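**Q** Take a look at this one; I'll ask things after.
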Amino acid sequence: MAETPQQSQAHAKLEERWSKLGFEALSHPEQEAIALFWLEGEVMNGGLHQFFANSCGDLSSLVLSGLARLGAKQTLAQFESAISKLGAGLYLHDRQVRLAHLERLPPDAFDAETVALQAYPEPSFRLALADLAIYYSASHD
Numbered sequence: 510m511a512e513t514p515q516q517s518q519a520h521a522k523l524e525e526r527w528s529k530l531g532f533e534a535l536s537h538p539e540q541e542a543i544a545l546f547w548l549e550g551e552v553m554n555g556g557l558h559q560f561f562a563n564s565c566g567d568l569s570s571l572v573l574s575g576l577a578r579l580g581a582k583q584t585l586a587q588f589e590s591a592i593s594k595l596g597a598g599l600y601l602h603d604r605q606v607r608l609a610h611l612e613r614l615p616p617d618a619f620d621a622e623t624v625a626l627q628a629y630p631e632p633s634f635r636l637a638l639a640d641l642a643i644y645y646s647a648s649h650d
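The numbers in this note's numbering rise by one with no breaks, and the one at position 118 of the sequence shown is 627.
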């Protein structure tokens, strides 16, 4: 499913602001959108194991807050299930801790959640873009 014109405009603005300002200077909704972009890309490409193993796994807290704020309940439930298996708790932002936890898990630990997310229950990144379109129009940025 393609982005709507409003989502495409928000996507372009997000990329422009990220390039110009850097990730840390972005608003919380913008950071959440980027986290959801990486979640979708990694899950579709290699699964949740890949998401957690790569540096984008540092964005797990933003994934959680973004999914909750946007009402993506099915995706949130699958992501929370995977996090509970990972067992990294408060250390989700620390890649080395995540990698140590990943090494203790069987290779198929996240298969059920990955398959559920690859069925694309909710278009979380597009939901974030729709939200950003409203955010940008309200802030007149």
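For every residue, glycine included, the Cβ atom is placed at its ideal position computed from N, Cα and C. Model, not experiment: these values are computed from the prediction.
#1: Can you grab the Cα-Cα spacing for the pair Y600 / M553, in whole Å?
#2: Buried or exposed: which applies to F619, given that a residue is buried once 16 or more other Cβ atoms fall within 10 Å of its Cβ?
#3: If we count the other Cβ atoms within 10 Å of its Cβ and call it buried at 16 or more, is I643 buried or exposed?
#4: According to DSSP, is H558 helix, strand or coil?
#5: I'd like to know if the region 538 to 552 and the region 565 to 579 are in contact, where contact means that at least 3 CB-CB pairs between them fall below 8 Å.
**A** Looking at the coordinates:
#1: Reading the sequence shown from its first residue, position 91 is the one you call residue 600. Reading the sequence shown from its first residue, position 44 is the one you call residue 553. Taking the straight line from one Cα to the other gives about 24 Å.
#2: If you number the sequence shown from 1, residue 619 lands on position 110. Its Cβ being crowded by 16 or more others within 10 Å, F619 is buried.
#3: What you label residue 643 is simply residue 134 of the sequence shown in a count that begins at 1. It is exposed - the Cβ of I643 has fewer than 16 other Cβ atoms within 10 Å.
#4: Within the sequence shown, numbered from 1, the residue matching residue 558 stands at position 49. In the structure shown, H558 falls within a helical segment according to DSSP collapsed to helix, strand and coil.
#5: yes
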